[in-house]
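Residue numbers (our numbering): 1 to 143. Every residue, glycine too, gets a C-beta built ideally from N, C-alpha and C. All values derive from a computational prediction rather than experimental measurement. See structure below.
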């Protein structure tokens with residue numbers, strides 16, 4: 001049994017072809033922070049005839065099962081990434097929607113200190129920092 005199939009079984013989800021194909025694509029590092037629509041396009045590119053409604057349904061099931069994390073960045077559309085990654089935060093370019101993952105122990109420690117000061121025991125958190133690319137690699141810098 002593949003790792004993907006084991007992840008589906010562990011989450012209590014039946015192993016179906018659409019779930020397996022979507023999970024395989026989501027495990028590719030290039031497909032992190034991908035929208036349902038873009039994932040659907042990638043499925044079509046590799047010859048998979050899985051409908052957009054099925055893609056949405058499977059992504060929601062994966063999110064509910066903890067296989068994926070859903071993010072709502074400023075672009076307004078949900079994007080997904082595998083939840084098996086280590087904890088990290090996000091920098092998001094408001095011009096080109098590029099997402100950069102980062103980890104910083106000082107920020108993590110500071111968040112814990114602030115929560116303790118306010119008598120809150122953190123269970124989880126998300127940090128999104130928004131701005132604009134300052135170099136020529138921004139995909140939409142000229143728009």
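Close-in-space but distant-in-sequence residues of the same chain around residue 122 (CB under 8 Å, 5 per side omitted): By one-based count along the chain shown, residue 122 stands at place 122. Closer than 8 Å at the Cβ level, and outside the excluded window around residue 122, lie 111, 112, 115.
What are the boundary residues of the alpha helix (DSSP H) that residue 69 is part of? On the chain shown, position 69 is the one that residue 69 refers to. Unbroken run through residue 69 is the beta strand (DSSP E), 68-72; no alpha helix (DSSP H).
Take residue 73 and list the residues in its own chain whose beta-carbon comes closer than 6 Å to its own, dropping the five residues that flank it on each side. Here the question's residue 73 lines up with position 73 in the chain shown. Cβ-Cβ distances below 6 Å link residue 73 to 92 in the same chain, with the five nearest sequence neighbours on each side left out; the list follows chain order.
List the whole-angstrom C-beta distance separating residue 18 from residue 58, where the pair is believed to meet the contact cut-off of C-beta under 8 Å. What you label residue 18 is simply residue 18 of the chain shown in a count that begins at 1. What you label residue 58 is simply residue 58 of the chain shown in a count that begins at 1. That pair is a contact at about 6 Å.
Nearest CA to the CA of residue 104: which residue from 98, 82, 127, 20? Counted from its first residue, the chain shown places residue 104 at position 104. For the options 98, 82, 127, 20, the alpha carbon positioned closest to that of residue 104 is the one of 127.
Helix, strand or coil at residue 89 [DSSP, three-state]: Mapped onto the chain shown, residue 89 falls at position 89. Residue 89: strand per DSSP, three-state reduction.
Report the rounded CA-to-CA distance for residue 89 versus residue 138, giving the unit in angstroms. The sequence position of residue 89 within the chain shown is 89, counting from 1. The sequence position of residue 138 within the chain shown is 138, counting from 1. One Cα belongs to residue 89, the other to residue 138, and the distance between them is close to 20 Å.
Just to confirm, are residue 79 and residue 34 a CB contact at a threshold of 7 Å? As a working note, residue 79 is residue 79 in the chain shown. As a working note, residue 34 is residue 34 in the chain shown. Yes; because the gap between Cβ atoms is below 7 Å, this pair is in contact.
With H, G and I counted as helix, E and B as strand and the rest as coil, what does DSSP make of residue 129? Along the chain shown, read from residue 1 onward, the residue named residue 129 stands at position 129. Residue 129: strand per DSSP, three-state reduction.
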